[in-house]
Structures are given as C-alpha cells and as structure tokens.
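With the sequence shown counted from 1, adding 822 to any position gets you the numbering used here.
Built from N, CA and C at the ideal position, the CB exists for glycine as well.
Structure first, then comments.
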Amino acid sequence: MSTNTVDNQRKVTTIRLSEMKQRGEKIAMLTAYDYSMAKLIDEAGIDVILVGDSASNVMAGNMTTLPITLDQMIYHAKSVIKGVSRALVVCDMPFGTYQGNSKEALASAIRIMKESHAEAVKMEGGAEIRESIERILCAGIPVMGHLGLTPQSINKFGTYAVRAKGEAEAAKLISDARMLQEIGCFALVLEKIPAALATRVAQEVSIPVIGIGAGSGVDGQVLVMHDMLGINKGFSPKFLRRYADLSTIINSAVSRYIDDVKTADFPNANEQY
Ligand code: KIV
C-alpha cells in the first residue's frame, strides 16, 4: 500500500484539516442526514460530512431551517455516524439551542456529542455568540464557525441574497472571522458572499475556510447533498453545480416499477419462493 493510499484511508480529524490547508490541499465537504447516504459518501472519500440543519428543508420539507429541534438533529447525526469510518462528522447546532445563553449552548452541544457521537458542532454567527462558542470550546468540543448568509437569521435578513456586499458588513465579517480563529474554532464556513471577500478571509486566517457560494479562493467547498445530486430540483442558485440527476433516475425507476406491478410482470417466477 502506498503512503498516499494509507493517508487517504486515515480518519479525518480537525488537525488533519489544518494540515490540508497548510499544504494547499482542498477540503471536500457534503451534507448527509442518514446512515445509507453517509456510508456512500464516506466510501467515496469525502473529507467532512455536515449533518446540516438543512435537514429541516430537504428531509422534513420545511421552508426554513428554524423548526428543526435538537432531538431531531441528534437523531440524524446518530444515523450518519453509524455509516462513517473516515470523514470528520460535524453536526449543526439548531436554531434556539445556543443563542439564549452560554450555559444553555454548552448543554446543547454536550447532548449532541454524548448522544450522537458527532465529532464537532457548527454554529452560525460571530461576536453575538462569542461567549457561547468559548464555553463550548472550553469543554473540549471542536467548533466550526459559519458567517455570511446564516439561514437561521432569515427572518432578520428577509432574503437569501448574497451577503456582505457593502463595506460595513464585509468589515464585520472579517473581524468575526479573525475572532473565531482567535478563540479557537477549527474551521469556518462562509456562505454566499463575494468571492473576493472570501478569498481575503481565507488568506488572512490560518484555519480552513470552507465556502458555499463563496468562490474558489477558499480552502474547501461544501454543498447540500440533495442539491448536488439533483434530488431537490426546485433549488438552483448560481453557485450550485449538479453532479447527477437523481430525481429523473428515481422517477423513471419508480414509473417502471409501477408499470411492472400493474401489468403483473413483477414478480416473475424467479422472484418468488
Ligand atoms: O445546514 C447546512 O446544510 C449548512 C450548509 C449549507 C453549510 O449549513
């Protein structure tokens, strides 16, 4: 086995992600919410699996990420963890479980780690949630930050449009990114911001910066699995590249199955006992 093969099979840790940034190796991250899909993408070699609160949209059919609960996130993360042997598994802290106060935030993060066995948590926001992040970090729980478009604040933004186009918002984002690095976050997601700003942040901070709709100058990319596999066809922002058309494949397979059942073609003599 070559050194490269051994390295590719090694468990991904927060330290390995930092090493990847240092040597300029891009980090590939995708969301997953269940055992079977997590197993498939882990076997394909994904570096980081995010149990995103986008489960609220793509699994539960909600319009926003706000309704998903801590119990539901733990359920998804627990299922994902069982299918993964190599990727680092990060679980989103859902809306309402960390914004109130830092003790409540720590209690929520501890529940995620203890009950799901996820390896890190992700939290949306900067200076406003600093105390909560610090308390969680003090307990030895790795935290991934998330700045730019933060979907849990959709009711404040009023739109899912590109963030930090203006000087003031860009300056706050840069200062929040520096702060997240200083207090000890191991990585940072930047969502839907101008590519030049994301590149600048990735150059200024030493922690890995993972982008979604943030251009190519960052240290890695993340997409929602249902979007990139073409399961969720209703969502097609400019930044999304579709790698498969699973909705067409599934529709065709199910239509053929229905026909076969209706015409009594299925099951045939070899498909019964
Ligand atoms: O919940 C999620 O899927 C996310 C990604 C879009 C980064 O936070």
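- Placement of the Cβ of I1034 at a distance of less than 7 Å from at least one heavy atom of the ligand KIV is found.
- Spatial neighbours of I871 in its own chain (CB-CB distance under 8 Å, excluding positions within 5 residues in sequence) are listed in chain order as M851, L852, T853, A854, A860, I863, D864, V902, V906, A909, L910, V911, V912.
- Less than 8 Å divides the Cβ of L1019 from the Cβ of A992.
- Nearest C-alpha to F917 among A949, A877, A942: A877.
- Counting only runs of 4 or more residues that sit fully inside the stretch 861-939, the alpha helix (DSSP H) segments are 877-880, 892-905, 924-938, in chain order.
- Comparing alpha carbon positions, the residue from E1026, A986, A1086 closest to P1016 is A986.
- Judged by DSSP secondary structure, V834 falls outside any beta strand (DSSP E); it is assigned neither H nor E.
- At least one heavy atom of the ligand KIV lies closer than 7 Å to the C-beta of G874.
- Proximity of the beta carbon of E1013 to the ligand KIV is indicated: a heavy atom of the ligand is located closer than 7 Å.
- In the three-state reduction of the DSSP assignment, I1034 falls in the strand class.
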